[in-house]
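Here the structure is laid out as structure tokens; the discussion comes afterwards.
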Amino acid sequence: MASTKNQQPKKIELNINDMNLYQINAIKQQLDQEIEILEKSIVDLHNAKTKFVGCFETVESFEKLPNDNQIMVPLTPSLYVPGRTVNNNEFLLDIGTGYYIERDRKSSIDYFNRKVQFLNTQMDKIVKSMQEKGTVRQSCLQRQQQLVMAQMAAQQQQQQQSSSSSSSATNQSKQGQIVKS
1 MASTKNQQPK
11 KIELNINDMN
21 LYQINAIKQQ
31 LDQEIEILEK
41 SIVDLHNAKT
51 KFVGCFETVE
61 SFEKLPNDNQ
71 IMVPLTPSLY
81 VPGRTVNNNE
91 FLLDIGTGYY
101 IERDRKSSID
111 YFNRKVQFLN
121 TQMDKIVKSM
131 QEKGTVRQSC
141 LQRQQQLVMA
151 QMAAQQQQQQ
161 QSSSSSSSAT
171 NQSKQGQIVK
181 S
């Protein structure tokens with residue numbers, strides 16, 4: 001059985017030169033939405049990275065604290081309670097969804113470094129995807145502009161033809177009136 005974990009998503013190639021203005025506009029709108037979602041993802045990942053960096057710095061700062069030192073322990077982002085350090089080399093790490101692991105300082109720092117590296121890798125992937133989508137979006141904008149200019153030129157040419165045919169008909173009728181007189 002083939003593994004789906006390492007498979008790349010299938011890429012579909014579309015030729016925007018074969019599309020009408022409505023289709024190109026729909027693709028551009030979809031790209032705008034996707035880029036907006038990716039931008040939000042970058043912000044969310046950056047916020048998570050900032051939290052892990054803060055945790056890393058906190059663990060490092062405990063090296064300098066003696067045991068039985070008074071500290072403020074965060075229960076939530078806005079609620080702190082007084083506490084005392086028992087062992088400044090052992091930490092309880094929240095690994096998500098209510099699970100905690102106990103680690104020493106070195107393992108804790110390593111854990112947070114790995115998390116930061118993972119988030120950096122994910123942000124790099126998202127930035128690359130945003131750049132690709134931005135390039136396609138720019139191509140759509142250029143093609144839209146070409147189609148709009150072509151439509152305007154066709155309308156202008158049609159107006160000139162209709163005005164020149166009506167003016168030549170007017171001239172012919174005037175000449176016919178002069179001949180009749």
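The sequence shown begins at 1 in UniProt numbering and counts up one residue at a time.
The beta-carbon is built from N, C-alpha and C at its ideal position, and this holds for glycine as well.
Just so you know, these numbers come straight off a predicted model, no measurement behind them.
C-alpha distance - A26 paired with I16, whole-angstrom precision: 12 Å
Contiguous beta strand (DSSP E) assignments of at least 3 residues, all confined to the segment 52 to 88: 70 to 76, 79 to 84
Where R137 falls, given that 16 or more other Cβ within 10 Å makes a residue buried: buried
S162 versus M123: straight-line alpha-carbon distance, rounded: 58 Å
Residue burial classification, R103 (beta-carbon count within 10 angstroms, cutoff 16): buried
Nearest residue (CA-CA) to F56, options R84, Y80, D110: D110
Residues sharing a beta bridge with Y100, DSSP: D94
Under 8 Å between C-beta atoms of F62 and V116: no
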